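Peer 1: Following our numbering, the numbering of the sequence shown begins with 5 at its first residue and continues without gaps.
The structure follows.
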Amino acid sequence: MFVSVGTGGYRAAQTVDRRVSNAGVGERWKFAVIDSGSIPTDEFPRDFEVLQLQKDNRMGQIFNRLKKNGSIKWLSEDLELANQGSVRDPKNGRFYFEYHSHRIYRQLTSTIRSAIDTTQDDELTVWLCASVAGGTGAGMYPLMSVMLDQIVSDISDSVEVDARLLGIACVSELSLPQRTVPGPNPAYYLNSNIVLREMASLLDLDTLQQDMQASYPMEVNMPAAPDPTKVSALRTNTFTCDSPPLDALFVMPVDEERSDASTPGGEETNSYIEGVNYAISSVVVGCTLVDDGIENLFEDVLTERLYTFDTVDVRAPIDDAKRYFDITEQLDQLRETLTEVENRIDSLEQRIQAYQALDEMPVTEEPSPEDVTVVSSRVASAFDRARQRLDAVRLEQGEAATLTSEAKTYASSVSESSAAADDETPQEILAQFVFFTLARSKLRDRIAENDFQSRVEDICEKNADDVDVSLDRVSDAPVQVFEQSLEPYLADSLQAIEARIEDTKSYHFRKRRSLKQSKEELEDVLAELRALRDRYVAQQNAMETLTNQCLADIEEKLTTHVETLEDDLEEQESRQSEIQNRITDREQAIESISETVLDGSYGRIAQLPLNVDALDEVSRETITTASDLTELVEARVIDRQSLVEHLRYALENRLEEPLEDNIERHNHPGETLATISNAQNRQFLSESAVRTTLAGRDIRGRLTIDEVDSPFSITLVTLFDEIRLDNASEYHHITREWQDGSLQDLFGEPVDLDSRIAYPELFASNRSLNASPSKGIAGERPGSGPLVEDGGEQ
């Protein structure tokens, strides 16, 4: 069972949930979250029991009444109740807890009972976890400890299980004299110090500065809690502790600057705060899954009440290896797709250029098969058929409908000439375009062969004195010149000849014969010109029909098709850019992964370097089906010596007691080592270099952990006992500066520790740090009895 308080505790709960699920024991765990409203409700997992302590109008009214009547010392008159959360103020946190204490009691009692299977379980382990640097954790942790102690004791007695209550408190790390100005917020360090002192009193920890020496039985009151006679949960607002409420308190210093700079929910390999949560989860898993059981663990190994811990996880970046394969496959697919897209772009560009060339082709030219091959080899191969069909078409007499029908017949035959499906080229439209342009060329040749214009020019030039027409006009409008000038002139000339014949006497037969011959010649010329004119007009009409009707319709359809191709080209170019960006991203990811797997790391999460050359040689299946580190070593994906070196380095340089600074007295905390992994991986701890390093540490105990489904990592957890808070800057320096009235010198700004003390009953004395502790002396409080003041009625 894992009970988290506040945002920091909840983040740790998420990691514990993931770890126990990965270890294959997730179904045996229950999670309860106590939050003062700062976490969005939709963020909680469905299987977490969540109790959000919201502020309501009645809560505000009770707060103000209790504050004004002065019956509760810690409810100072200048204290304001936050609307949401405790805003780093422990007094807010304590009031939230006491006001909702009956709800909390009911919820935790129900959840803890549901975590026990009375037919199978003979042990119960409950963890209480919070960051005591914030207002919620600092204000609730002491009272939550004693409440949970009563709940766990009552339940264990009723169902006959061995129960243990363990606490994890994250405090703001303060390492002096190396650091002279704590950051980023003094409240974190003050709250941490206050809770350490409160818990030292509650747990009767041996310190030179002991604010209150416990004497059991100890009573802890909740003066701001609802009247127990009016609610159906707690029978009384007083908890009685016959012994320390926690079987053990594990303290975890947290670097606040690094914590603020990291993102919750990230990977523990690159997020400082997630690395902290991973360490917490390792302690929880290690202490809970011991072979000998939790009861034997605390009777035989963990016999003290205060511990610190450090962890290191030596792992193969198997997920990176899988990502390496995934991204490599994606790159292959993307590059193949990119080639297809680039080929498509080349094809579209060539076809668009070919269409544009056809569109821009002068009317005096006709397309060749080579011009059309780019867009349609089928139409290009059918040019001769188009010419043969045109030979049978009487172009001069063709109307638009007739020409279109002929073109469609030809285009249909071209389209059906091959069973193979061509691309989206409009075969029939293109075939009609070719048919019409060839018809236009053929008709243009026939117009050029027509002598009408040249004959009109010749006659006009020979009769320039009588026909006043410029040759340029004849060239521009031969029909108009003929009909408006030349034809009337020739007709008049013919009438003049006929009149002369009429006036010539019959006996002038030679003259009459000459005139008749001239008349016949003139009639022949006029008839010839009229015939040439009629054919010329028919040819021009046919050309206009071809150009303005038949071809115009087809060219419009081809223009629409080209626009479609251009849209497609734009889309393909956009795809090309997108794919190139995705390839770049994946190449960078491969490079990043390669750097990770090649170099490895030696942090709290130590990553073993992978042999990329081996990755190129083995298949993805090798990585996917490997069951542990041994198989990766055998596949040469991991080097055995590198694995041993990482374990040796972790034992020699990483697993260090994190809290003590050896300020007042030299102290050597003892060590208990736990290894979390599967059986096969543990063999690497037997390597000579590792054994030698282990022998050099002050390891007094080894925890045997049930085999955990952790195939590609070895987690080492070191628990440190015989911890002295006097040697910790978090406890010693702030307490000393407070007593000396010089906290401002420590923080570089005015600070008020007293205003943050939510449990003044645990600060009953203010003796010098140099005084010697004396068991049985409880400062100003001799004997036993409640460590609290009486509160006011609600």
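Glycine is no exception: its CB is placed at the ideal position from the N, C-alpha and C atoms.
Here the structure is a predicted model, which is why all the values come from computation and not from measurement.
1. Distance check for Asp126 and Asp75, CA to CA, integer angstroms please.
2. Taking C-alpha atoms, which residue in Ala361, Ile277, Asp60 lies nearest to Val566?
3. Would you tell me roughly how many angstroms separate the C-alpha atoms of Leu647 and Asp93, rounded to the nearest one?
4. Specify the secondary structure class of Gly783 as computed by DSSP and reduced to three states.
5. Per DSSP, what are the beta-bridge partners of Ser135 in this structure?
6. So, does the stretch 292-304 touch the stretch 586-598, judging by three or more C-beta pairs under 8 Å?
7. Taking just the CA atoms, how far does Thr368 sit from Cys554?
8. Is the stretch 321-330 close to the stretch 595-609, with three or more CB pairs under 8 Å?
9. Can you check DSSP and say which residues form a bridge with Phe724?
10. Report the rounded CA-to-CA distance for Lys71 versus Tyr103, giving the unit in angstroms.
11. Within the continuous alpha helix (DSSP H) that includes Thr626, where are the two ends?
12. At what residue ranges does the stretch 467-493 contain a whole run of the alpha helix (DSSP H), taking only runs of 4 or more?
13. What are the boundary residues of the alpha helix (DSSP H) that Ala618 is part of?
14. Which value, in whole angstroms, describes the spacing of the CA atoms of Leu434 and Ser372?
15. Taking its Cβ as the centre, do 16 or more other Cβ atoms sit within 10 Å of Glu400, making it buried, or is it exposed?
16. What first and last residue would you give for the alpha helix (DSSP H) that runs through Arg579?
17. How long is the line joining the alpha carbons of Lys412 and Gln488, rounded to whole angstroms?
18. Starting from Pro190, follow the alpha helix (DSSP H) in both directions and report where the run begins and ends.
19. On the DSSP bridge assignment, give the partners of Val9 in chain order.
20. Please name the residue in Phe302, Lys95, Tyr220 whose C-alpha comes closest to that of Gly139.
21. Using only alpha-carbon positions, find the residue among Asp665, Asp713, Leu250, Ile642 that is nearest to Leu729.
22. Where DSSP assigns a beta bridge to Thr129, which residues make up the other side?
23. Identify which residue in Gly269, Glu453, Glu524 has its Cα closest to the Cα of Glu47.
24. Could you name the residues of the same chain whose beta carbon sits closer than 8 Å to that of Val418, not counting the 5 residues immediately before and after it, in chain order?
25. Taking Asp314 as the reference, give the member of Val287, Ala320, Leu306, Gln337 with the closest Cα.
26. Taking the alpha-carbon of Asn26 as reference, which of Ile680, Ala134, Pro764, Asp643 has the nearest alpha-carbon?
27. Could you tell me if Val130 is buried or exposed, where buried requires 16 or more neighbouring beta carbons within 10 angstroms of its beta carbon?
28. Which residue's Cα is closest to the Cα of Glu161: Thr122, Asp336, Gly143?
29. Under 6 Å Cβ to Cβ from Ser776, same chain only, skipping five residues before and after it: list those, please.
30. Within its chain, find whatever has a CB closer than 6 Å to the CB of Ala16; leave out the 5 residues flanking it on each side and keep chain order.
31. Do the stretch 345-364 and the stretch 612-627 meet, that is, are 3 or more Cβ pairs less than 8 Å apart?
32. Let me know the secondary structure DSSP gives Val378 once reduced to three states.
33. Just how far apart, CA to CA, sit Ser149 and Leu209?
34. For the alpha helix (DSSP H) that contains Leu112, what are its first and last residues?
35. When burial is assigned at 16 or more other CB atoms within 10 Å of the CB, is Ser196 buried or exposed?
36. Do you know offhand how far Ser409's Cα is from Pro366's?
Peer 2: In brief:
1. Note that residue 75 is Ser in the sequence shown, not Asp. A direct Cα-to-Cα measurement between Ser75 and Asp126 gives close to 45 Å.
2. Ala361
3. 46 Å
4. In this prediction, Gly783 scores a pLDDT of 30, lower than 50, which makes its location untrustworthy; no coordinate-derived value is stated.
5. Cys174
6. Taking a cut-off of 8 Å for Cβ pairs, the stretch 292-304 and the stretch 586-598 do not touch, as fewer than three such pairs fall below it.
7. Cys554 and Thr368 have their C-alpha atoms roughly 17 Å apart.
8. yes
9. Thr312, Glu675
10. Their Cα atoms are separated by approximately 14 Å.
11. 624-629
12. Qualifying alpha helix (DSSP H) stretches, in chain order: 475-480, 482-485.
13. For Ala618, the uninterrupted alpha helix (DSSP H) segment begins and ends at 616-621.
14. 13 Å
15. Counting the other CB atoms within 10 Å of its CB gives Glu400 a total of 16 or more, which places it among the buried residues.
16. 556-603
17. 40 Å
18. In the DSSP annotation of this structure, the continuous segment of the alpha helix (DSSP H) that includes Pro190 starts and ends at 190-207.
19. Ile38, Ala134
20. Lys95
21. Asp665
22. Note: Thr129 sits in a beta bridge opposite Arg168.
23. Gly269
24. Arg382, Val383, Ala386, Arg389, Gln431, Glu432, Ala435
25. Val287
26. Ile680
27. buried
28. A small fix is needed here, since residue 161 is Asp in this sequence, not Glu. Ranking Thr122, Asp336, Gly143 by Cα distance to Asp161 puts Thr122 first.
29. At Ser776 the pLDDT is 35, less than 50, meaning the model places this residue with poor confidence and gives no usable figure here.
30. Cys133, Asn281, Ile284
31. no
32. coil
33. 15 Å
34. 105-118
35. The residue in question, Ser196, is buried, as its Cβ has 16 or more Cβ neighbours within 10 Å.
36. Cα to Cα, the separation comes out at about 25 Å.
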